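Below: the structure, in structure tokens.
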Amino acid sequence: MTPKIALFASGSGSNVENIVRYFAEKRTAEFPLILSNKQDAFVHERAKKLGIPSVTFSRDEFADGCEIVSLLKKYEVDFVVLAGFLLKISMPILEAYPDRIINIHPALLPKFGGKGMYGHHVHQAVVDAGETQSGITIHYVNEQYDEGNVIFQATCEVANDDTPDTVAEKVHALEYLHFPKIIEDVIGKQLK
Ligand code: GRF
Numbered sequence: 341m342t343p344k345i346a347l348f349a350s351g352s353g354s355n356v357e358n359i360v361r362y363f364a365e366k367r368t369a370e371f372p373l374i375l376s377n378k379q380d381a382f383v384h385e386r387a388k389k390l391g392i393p394s395v396t397f398s399r400d401e402f403a404d405g406c407e408i409v410s411l412l413k414k415y416e417v418d419f420v421v422l423a424g425f426l427l428k429i430s431m432p433i434l435e436a437y438p439d440r441i442i443n444i445h446p447a448l449l450p451k452f453g454g455k456g457m458y459g460h461h462v463h464q465a466v467v468d469a470g471e472t473q474s475g476i477t478i479h480y481v482n483e484q485y486d487e488g489n490v491i492f493q494a495t496c497e498v499a500n501d502d503t504p505d506t507v508a509e510k511v512h513a514l515e516y517l518h519f520p521k522i523i524e525d526v527i528g529k530q531l532k
């Protein structure tokens, strides 16, 4: 049976699109549903284009989690992938999907993680700290922000003349290259 993955995103959703397109060729996973906490997030436009239903839940509904778990179960979701999703995952969702929720963080955790460290703030902090490298961390999700077990990291150089925007570009390139493959690996191992 082909595993089903729900994608959570709060923003543009370029990772969502990249993941869906990667698996469209491979057919080793299906994407029945995209969830967001933002009604006006561009990920909904991408979902339409990809032919995948997308739904919006409020911050309170994500914090409660029960309605979301019911929906995930209704769609027979096996794994949850957070691709630029900004809210904390609540206990009911964590309990329904132990070791089956994966997040990507746009820096080399444990550095530049935790509350407030998202999107542009991360890349700004990396540049401000004078780091010579940044990268991506793909990890399991637990009840603490950005603290679940690390699955994979990849690095990129941060040069003297890099800005938060150019670091973001380098990090996005790493995300597009690695995230779908790592998802595929995790699913493959867990379903063996
Ligand atoms: C990515 O850099 C992701 O790592 C971070 O937010 C960004 C989302 O970009 N958490 P997009 O919405 O996939 O374009």
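In terms of our numbering, the sequence shown is residues 341 to 532. A virtual CB, placed ideally from N, CA and C, is assigned to each residue, including glycine. Predicted, not measured: the structure shown is a model, and the values here were computed from it.
(1) Where does E483 sit, in a helix, a strand or coil, going by DSSP?
(2) If contacts are defined as beta-carbon pairs under 8 Å, then L347 and I359 qualify, I think. What distance do you get, rounded to the angstrom?
(3) Can you tell which of H384, K455 and A494 has its C-alpha closest to the C-alpha of Q473?
(4) On the DSSP bridge list, what partners appear for E497?
(5) K428 to E365, Cα distance in whole Å?
(6) Note down, in chain order, each residue of its chain lying with its Cβ closer than 8 Å to the Cβ of Y415, except the 5 sequence neighbours on either side.
(7) What are the boundary residues of the beta strand (DSSP E) that I442 is part of?
(8) Return helix, strand or coil for P372, following the three-state DSSP convention.
(9) Any heavy atom of ligand 1 inside 7 Å of the beta-carbon of V481?
(10) Is the distance from the Cβ of R440 to the Cβ of D418 below 8 Å?
(11) Rounded to the nearest angstrom, what separates H384 and K532 at their Cα positions?
(12) Check each candidate in Q484, G353, K389 and A513 and name the one with the smallest Cα separation from S430.
(13) For A508, which residues of its own chain have a beta-carbon under 6 Å away from its beta-carbon, when the five flanking residues on both sides are left out?
(14) For P450, does the count of other Cβ atoms within 10 angstroms reach 16, so buried, or fall short, so exposed?
(15) Which partner residues does A346 have in the DSSP bridge list?
With the given structure in hand:
(1) coil
(2) 7 Å
(3) A494
(4) Q473
(5) 31 Å
(6) K344, A346, P372 and L373
(7) I441 to H445
(8) In this structure, P372 counts as strand in the three-state DSSP scheme.
(9) no
(10) Going by C-beta atoms, R440 is nearer than 8 Å to D418.
(11) Each residue's Cα considered, the two are about 33 Å apart.
(12) Q484
(13) Cβ neighbours of A508 beyond the five flanking positions: H463.
(14) exposed
(15) L373 and V420
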